[in-house]
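Novice: Next up is a structure, given as structure tokens.
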Amino acid sequence: MSALLHDVLTAILVLAGAAMCLAAGIGLIRFPDVLSRLHAATKPQIFGLMAVTADVAINNFSVGTVTLVVAIVVFQALTAPMAAHLVGRAAYETEHLRPDLLIVDELRDRRAAR
Amino acid sequence: MTTPRERRGAVGNQIPPLIALIVLWMLLWGEFSWLNLLIALVVGIVVTVAFYLVPVQLSGRLHPLHTVVFFVRLILDIVRASIDVSWLAVKPRLVTSNAILEIRLRTRSDLILTWTAVATSIVPGSIVVDIDRESSILYLHVLNMQSARDIESFRRRVLDTERRIVRGFGSSEDVERMRGVRPADRRASRLKGTS
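Sequence order for the protein chains is A and B. Residues 0 to 113 in numbering that gives the first Met the number 0 are what the first sequence lists, from first letter to last. Residues 0 to 194 in numbering that gives the first Met the number 0 are what the second sequence lists, from first letter to last.
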């Protein structure tokens, strides 16, 4: 019974991780401009990584793997937003965005007001 | 000229990052041994001295329960929003309607501002495009905003995140700001009381 439970849990986690990576790939192609593609490229993949590494930790349960998994997730969580911010900011400043996709742009309004 | 007291404060401010580096070294090795701790300490000191960072003003306050609430809520948000963004990517009819929103945070601390920025941009669907540090304003690019109601609920979500962070480890001044009692007003009322 517990072996079955273990298998089911493993399957769910790995499939969830794979599905997230797939969705990130599809989003990268389908989304129309740089800023929305960034969302697809950086974000669902964090959850995917969390699911896959959690599965690794469950399958090889030892202090060493758990700490390594924590380190991996923390670093991914710290670096992904930075990368997204830098690319996003560069894209905004160089006007690689499609204003027609934005329903509000308060940053532009603010700069215009200055 | 720096006074000894200021110098001690500057050294004290470097200690939390040093501890973080030691913990990281331990995490990477995956085991505890005294030799490891010694090497971690040496490497940590070399790194903090060689790559000197501007001292971060820590609040010196930590509420364990609220901190745990913040992290659990953050993970739940990541899971929920990941599914939302993935569905948006694969659903047959692709409608993109995004927004760049200006969100005025209430905190005046760089640390809380950074934490809020990272915590909101790690949750799928929002990216920090720009930050106005002087007035604590985040400019976020948000995916899939259809109406004014979506925008308002997103704004509220970011402010709630900020509140959870401040409750967890913000300064007590910031906690009062969250309640709407501004320290400036408080100082004014205290001055009135003494004069």
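Glycine included, each C-beta is placed from N, C-alpha and C at the ideal position. As the structure is a computational prediction, the values presented were derived from the model and not from experiment.
State the DSSP-derived secondary structure class of Asp-149/B, mapped to helix, strand or coil.
Specialist: Looking at Asp-149/B - three-state DSSP - the assignment turns out to be helix.
Novice: Which residues of chain A have a Cβ atom closer than 8 Å to the Cβ of Leu-100/B, listed in chain order?
Specialist: Here the neighbours are Val-103 and Glu-105.
Novice: Is His-38/A close to chain B? Criterion is C-beta to C-beta, closer than 7 Å.
Specialist: It does: the Cβ of His-38/A has a partner Cβ on chain B nearer than 7 Å.
Novice: Ile-71/A CB to nearest chain B CB: under 7 Å?
Specialist: Chain B, which has no Cβ nearer than 7 Å to the Cβ of Ile-71/A, makes this no.
Novice: Indicate whether the contact test is met: 3 or more Cβ pairs, each with one atom in the stretch 132-139 of chain B and one in the stretch 66-78 of chain B, closer than 8 Å.
Specialist: Taking 8 Å as the limit for Cβ pairs, the verdict is that the stretch 66-78 of chain B does not touch the stretch 132-139 of chain B.
Novice: For Ser-85/B and Ala-18/A, which I take to be in contact (beta-carbon distance under 8 Å), what is that distance rounded to the nearest angstrom?
Specialist: Right, their Cβ atoms sit about 7 Å apart.
Novice: By DSSP, does Ser-32/B sit in helix, in strand, or in coil?
Specialist: Residue state, collapsed to three classes: coil.
Novice: Exposed or buried, which one is Glu-161/B when buried takes at least 16 other CB atoms within 10 Å?
Specialist: When all chains shown are included, Glu-161/B counts as buried.
Novice: With a threshold of 8 Å, are at least 3 pairs of Cβ atoms found where one atom belongs to the stretch 94-110 of chain A and the other to the stretch 29-45 of chain A?
Specialist: Yes, they touch.
Novice: Tell me the rounded alpha-carbon separation between Tyr-51/B and Gly-43/B.
Specialist: Rounded to the nearest angstrom, the two C-alpha atoms are 12 Å apart.
Novice: Taking 6 Å as the cut-off, is the C-beta of Asn-97/B nearer than that to any heavy atom in the ligand NAD?
Specialist: Looking at this structure, you won't find the ligand NAD or any other ligand, since it has none at all.
Novice: Excluding sequence positions up to five away, which residues of its chain have a Cβ less than 8 Å from the Cβ of Pro-63/B?
Specialist: So no residue of the chain qualifies.
Novice: Against chain A, which members of the stretch 40-53 of chain B pass a CB distance test of less than 8 Å?
Specialist: Under the 8 Å Cβ criterion, the stretch 40-53 of chain B contributes no residue.
Novice: Specify, as a first and last residue, the run of the alpha helix (DSSP H) that Leu-85/A falls within.
Specialist: Note, Leu-85/A: alpha helix (DSSP H), 62-92.
Novice: When you compare only the Cα positions, how much space is there between Pro-16/B and Arg-156/B?
Specialist: C-alpha separation (whole angstroms): 29 Å.
Novice: What residue does the beta strand (DSSP E) around Asn-143/B start on, and which one ends it?
Specialist: Premise fails: Asn-143/B is in no beta strand (DSSP E) and is neither H nor E.
Novice: Taking only three categories from DSSP, how would you classify Lys-191/B?
Specialist: In this prediction, Lys-191/B has a pLDDT of 46, which is less than 50 and means its spatial position is unreliable; what the coordinates show is noted afterwards. If DSSP states are grouped into helix, strand and coil, Lys-191/B belongs with the helices.
Novice: To which residues does DSSP link Ser-98/B through a beta bridge?
Specialist: In the sequence under discussion, the amino acid at residue 98/B is Ala, which differs from the Ser named in the question. DSSP output for Ala-98/B lists Val-103/A and Val-141/B as bridge partner(s).
Novice: Taking the alpha carbon of Asp-83/B as the reference point, which residue from Leu-142/B, Arg-178/B and Ser-171/B has its own alpha carbon closest?
Specialist: Nearest C-alpha to Asp-83/B: Leu-142/B.
Novice: Three or more C-beta pairs closer than 8 Å, one from the stretch 95-105 of chain B and one from the stretch 145-159 of chain B: is that the case here?
Specialist: In short, these stretches touch, since the Cβ pair count reaches three.
Novice: Suppose you measure from the CA of Leu-85/A to the CA of Val-10/B; what does that come to, to the nearest Å?
Specialist: Approximately 31 Å, taken between the alpha carbons.
Novice: Using DSSP's beta-bridge definition, name the partner residues of Ser-125/B.
Specialist: Its beta-bridge partners are Val-141/B.
Novice: Taking 7 Å as the limit between beta carbons, can you name the residues of its chain near Val-165/B, skipping five residues before and five after?
Specialist: Same-chain partners within the cutoff: Thr-106, Ile-111, Asp-173, Val-174 and Met-177.
Novice: Would you mind working out which of Ala-88/B, Trp-114/B and Tyr-138/B sits nearest Arg-110/A, comparing C-alpha positions?
Specialist: It is Tyr-138/B whose Cα lies nearest to the Cα of Arg-110/A.
Novice: In three-state terms, what does DSSP make of Pro-182/B?
Specialist: Confidence at Pro-182/B is low in this model, with a pLDDT of 48, below 50, so its placement is unreliable and no value can be given for it.
Novice: Leaving out five residues on either side along the sequence, give the residues of the same chain with a beta carbon under 8 Å from the beta carbon of Ala-22/A.
Specialist: Excluding sequence neighbours, Ala-22/A sits near Ala-39 and Pro-43.
Novice: Ile-45/A touches chain B at which residues, Cβ-Cβ below 8 Å?
Specialist: Going along chain B in sequence order, the residues near Ile-45/A (Cβ under 8 Å) are Ile-77, Ser-81, Ile-121 and Pro-123.
Novice: At a CB-CB cut-off below 9 Å, which residues of chain A make contact with Val-127/B?
Specialist: Those are Pro-80, Ala-83, His-84, Gly-87 and Arg-88, listed as they occur along chain A.
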